[in-house]
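Right, one structure below, let's go through it.
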Amino acid sequence: MRTFTLIALAPAAVSAFAPKAAAPRAVALSKATVEDAVVDVVEAVIEDVDVKDELLSVVGAAVGDSVSSDLRDEVSELLVKMESKNPTAEPATSALLNGVWDVAYQGYAPGPLPSPTRPLALALYAGGFTPGVAGLTAARMLPDALADVGSLEIAITRDQPRVTASTSVSLAGLGAQDFEVQTSLEAETGIRLKETYASLKAFGREQDIPANLRYSRKLFVTYLDEDILVMRDESGVPDVLLRKGAPEGASLPDEGVPGDGSDEAP
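Following full-length UniProt numbering, the numbering of the sequence shown begins with 1 at its first residue and continues without gaps.
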């Protein structure tokens, strides 16, 4: 009788320990979910590239009053899209910030009436300019017949004073003259920087700015990658900079986080 009982229970025992067949519907749903996720990621990457390429195509070398209101609107919309997907965590302390940059776009808008003092006022009080550039903006207010101002170049290094902003101005009767402003740059948070003017060089002479007269302001790094740097001042005005001479595969700029001011030269 015991033998018959074991034989009767054998089929149940075999089925209990046999591997269960995967549910076809569950496998299909899982595969579809993975495929959808891959498609979403690819589309997001393509969109990011499109926005970046479009921004690069419109900013060009347009600076100051030469930028139309329509172009400003277009650049502003593209920046909002791009900044929301900033690939660099805590860009104000990133080594990617170091390097040589060309100022491709300055975001301040001219007033309803032409005013040679407005750009200077914006530079000194409202900002809207890349580090160091405020001190060079006055040269751009000279009449074309008196001065031909070259492009603005920004060099950022690890050691203080970190920023050197330079341009070349051809003055009537004096030929080409180099103008240079040096500023310190200190990271206060992962996106906020404090800039303080340190010295001015013009007509072959360098002058340190007295400590009690050194102008300082806050800047916010809203986008940073290997090619583009976007900075905004406290009023939200953006500047767009393009990295200079860094082909794909080239080594990155000096390693290390920005200085905190402790290593600034006396």
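Beta carbons: idealized from backbone N, C-alpha and C, even for Gly.
Using the Cα positions of residue 87 and residue 192, report the straight-line distance between them to the nearest angstrom. So the alpha carbons of these two residues sit roughly 16 Å apart.
Report the residue from 220, 218 and 196 whose alpha carbon sits nearest the alpha carbon of residue 209. When only C-alpha atoms are compared, the closest one is 196.
Quick check: the segment 66-83 against the segment 161-170, are at least 3 beta-carbon pairs closer than 8 Å? Short answer: they don't touch.
Assigned exposure category for residue 107 - 16 Cβ within 10 Å defines buried: Burial state of residue 107 is buried, judged by a 10 Å Cβ sphere holding 16 or more other Cβ atoms.
Have a look at residue 230 and residue 203 and give me their C-alpha separation to the nearest angstrom. Between residue 230 and residue 203, the C-alpha separation is close to 31 Å.
Which residues does DSSP list as the beta-bridge partners of residue 182? As computed with DSSP, residue 182 is found in a beta bridge with 164 and 199.
Residues of its chain near residue 100, where Cβ-Cβ distance is below 6 Å and the 5 sequence neighbours each way are ignored: The beta carbon of residue 100 sits closer than 6 Å to those of 155 and 244, all from its chain and outside the five residues before and after it, given in chain order.
Between which two residues does the beta strand (DSSP E) holding residue 244 run? That residue, residue 244, is in no beta strand (DSSP E); it is neither H nor E in DSSP.
On the three-pair Cβ rule with 8 Å, is the segment 205-224 touching the segment 72-86? The segment 72-86 and the segment 205-224 touch, with three or more beta-carbon pairs separated by less than 8 Å.
Quick one, which of 160, 228 and 237 has its alpha-carbon nearest residue 91's? Per the Cα distances, 228.
Hey, which unbroken runs of the beta strand (DSSP E) at 3 residues or more fall wholly within the segment 72-101? Correct list: empty.
Nonlocal neighbours in the same chain, by C-beta distance under 8 Å from residue 153, ignoring five residues either side: Within its own chain, the residues whose Cβ lies closer than 8 Å to the Cβ of residue 153, once the five positions on either side in sequence are excluded, are 100, 101, 102, 103, 165, 166, 167 and 244, listed in chain order.
What are the boundary residues of the beta strand (DSSP E) that residue 229 is part of? That run of the beta strand (DSSP E) goes 228-233.
State the DSSP-derived secondary structure class of residue 237, mapped to helix, strand or coil. In the structure shown, residue 237 adopts coil according to DSSP, grouped into three states.
What is the rounded straight-line gap between the Cα of residue 190 and the Cα of residue 226? Rounded to whole angstroms, the gap between the alpha carbons of residue 190 and residue 226 is 18 Å.
Taking 7 Å as the cut-off, decide whether the C-beta atoms of residue 183 and residue 98 are in contact. No, these two residues do not count as a Cβ contact at 7 Å.
Using CA coordinates, which residue listed in 214, 187 and 180 is at the minimum distance from residue 169? By alpha-carbon distance to residue 169, the top candidate from 214, 187 and 180 is 180.
Can you give the beta carbon distance from residue 74 to residue 58, rounded, assuming they're within the 8 Å contact cut? 6 Å between Cβ atoms; contact.
Classify residue 160: buried if its beta carbon has 16 or more other beta carbons within 10 angstroms, exposed otherwise. Under this definition residue 160 is a buried residue.
For a cutoff of 7 Å on Cβ pairs, would you count residue 82 as touching chain C? In the structure shown, chain C does not exist; there is a single protein chain.
In whole angstroms, give me the CA-to-CA distance for residue 51 and residue 80. So the two alpha carbons sit approximately 10 Å from each other.
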